[in-house]
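Just so you know, numbering that gives the first Met the number 0 puts 53 at position 54 of the sequence shown, and the rest follows in order with no gaps. For every residue, glycine included, the Cβ atom is placed at its ideal position computed from N, Cα and C.
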Amino acid sequence: MLTIEELDAFQQIKLDEVDIDTLVDLNSVKIDTSLPCEKRMRKILDEGVNPYLFRVGDMKIKVSYSSTGRTLSDIIENLIEKAEC
Numbered sequence: 000m001l002t003i004e005e006l007d008a009f010q011q012i013k014l015d016e017v018d019i020d021t022l023v024d025l026n027s028v029k030i031d032t033s034l035p036c037e038k039r040m041r042k043i044l045d046e047g048v049n050p051y052l053f054r055v056g057d058m059k060i061k062v063s064y065s066s067t068g069r070t071l072s073d074i075i076e077n078l079i080e081k082a083e084c
């Protein structure tokens, strides 16, 4: 599992400073929908997927979060549930 320090480092990476070929393509991430959401999130993070910076095909994606009351876990869970469709 990633440490808090590693997650903080992931968050600090600037989109324009990263080579797209070094990013995980979310199209290639396999999600076991038979697992509970918490275990799915843990598995993805255990695989080293940066939840803040990744790619979808040829597009770099940088995600930031505001203090809206939703936690990072809530947001990642929502993304994983949408991936089930």
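Beyond the five residues adjoining it in sequence on each side, K61 comes within less than 6 Å, by CB distance, of L14 and L52 in the same chain, given in chain order. Distances from the alpha-carbon of A82 to those of G56, V17, T32 and K38 put T32 closest. Leaving aside the five residues that flank L34 on each side, the residues in its chain whose CB is nearer than 8 Å to its CB run, in chain order, K42.
Annotation: the continuous alpha helix (DSSP H) that includes R41 extends over C36 to D45.
By DSSP's assignment, F53 forms a beta bridge with I60. Contact between V48 and V28 is confirmed by a C-beta separation of about 6 Å, below the 8 Å threshold.
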